[in-house]
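Going line by line, the protein sequences match chains A and B. Remember, the numbering used here sits 214 above the position in the first sequence when you count from 1. Remember, the numbering used here sits 2 above the position in the second sequence when you count from 1. Please read the structure below before turning to the comments.
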Amino acid sequence: GQQLNQSPQSMFIQEGEDVSMNCTSSSIFNTWLWYKQDPGEGPVLLIALYKAGELTSNGRLTAQFGITRKDSFLNISASIPSDVGIYFCAGQLKETSGSRLTFGEGTQLTVNP
Amino acid sequence: DAGVIQSPRHEVTEMGQEVTLRCKPISGHDYLFWYRQTMMRGLELLIYFNNNVPIDDSGMPEDRFSAKMPNASFSTLKIQPSEPRDSAVYFCASSFDPPSTDTQYFGPGTRLTVL
């Protein structure tokens, strides 16, 4: 099956710093999604990407769908304490997997005030 | 708008007991997904439905697990008999029918502890 490698596994940063995390896949996807999960809650969709090369922003968040369709990154600029949480990437390839999403292992982000 | 609703939020039970988890998807969504999250295995898709019909149940661990969707606004995930290794957070998610959008919206989860 498809494998997603997400890195880094964890990050400890100071408030105001920029953050970057990425996901790579052993095979292609035609949709990339980025979710954030707060403690005790379900993942919440941050950004959805549907085209190779697409660059999308949502406030301080920017994500890109890699040209090869096998990778994606998420950047957070000027981090704030409420950015703390676990960030997941997820990929989908409808031709082979239908609506099934494959999730990365997650990046645990800690922001020190 | 109400999001995906799950109940109970927490469940503690003893090994061998039957457990039923419930989900109400977002109104109008055609797809419903059941996931399990553990530290060891991360987020795993168990089963998903389209228009109340199970489409892919290849992630269901074994026959002890069953899921139903009797109507568009309700689904259950049942474990019978439960085992300690079933302890996890179980999420329900729903989405619209592609191609309008197929991004999945998650519920708050049910934290299951099997003693």
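Cβ atoms here follow ideal geometry from the backbone N, Cα and C, with glycine treated the same way.
- If you compare the alpha carbons of B/PRO56, B/ARG113, B/THR105 with that of B/SER77, the shortest gap goes to B/PRO56.
- If the five residues before and after B/GLU16 are omitted, its C-beta is found closer than 6 Å to the C-beta atoms of LEU117, all from its own chain and listed in chain order.
- Look at A/SER296 here: in three-state DSSP terms it is helix.
- For B/MET17, there is no enclosing beta strand (DSSP E), as DSSP marks it with neither H nor E.
- Setting aside the 5 residues that flank it on each side, B/HIS31 is surrounded in the same chain by SER96, SER97, PHE98, each with a C-beta closer than 7 Å to its C-beta; the list follows chain order.
- A/SER293 and A/PHE243 have their C-alpha atoms spaced approximately 29 Å apart.
- The contact set of A/GLY312 on chain B, defined by CB atoms closer than 9 Å, consists of TYR50, ASN52, ILE57, ASP58 in chain order.
- The straight-line gap separating the alpha-carbon atoms of B/PRO83 and B/GLY109 is approximately 25 Å.
- One thing to note: A/GLU229 has its Cβ within 8 Å of the Cβ of A/PRO327.
- Under the DSSP definition of a beta bridge, B/ASP58 partners with B/TYR50.
- Counting only Cβ-Cβ distances below 9 Å, B/PHE108 has contacts in chain A at TYR249, GLN251, GLU255, GLY256, PRO257, VAL258, LEU259, in chain order.
- If you ignore the 5 residues before and after B/ALA74, its C-beta comes within less than 7 Å of the C-beta of ASN54, all in its own chain and listed in chain order.
- Scanning its chain for C-beta atoms nearer than 6 Å, with the 5 sequence neighbours on each side dropped, one finds around A/ASN219 the residues THR238, in chain order.
- Closest option to A/SER241, judged by alpha-carbon separation, among A/THR324, A/LEU260, A/ARG283, A/PHE287: A/ARG283.
- Contact of B/TYR33 with chain A by beta-carbon distance below 8 Å involves SER313.
- Contact residues of the segment 292–312 of chain A toward chain B are PHE302, ALA304, GLN306, LYS308, SER311, GLY312 (C-beta to C-beta distance below 9 Å).
- For B/ARG113, the enclosing beta strand (DSSP E) stretches over residues 112–116.
- The beta-bridge partner set that DSSP reports for A/GLY305 consists of A/TRP246, A/THR316.
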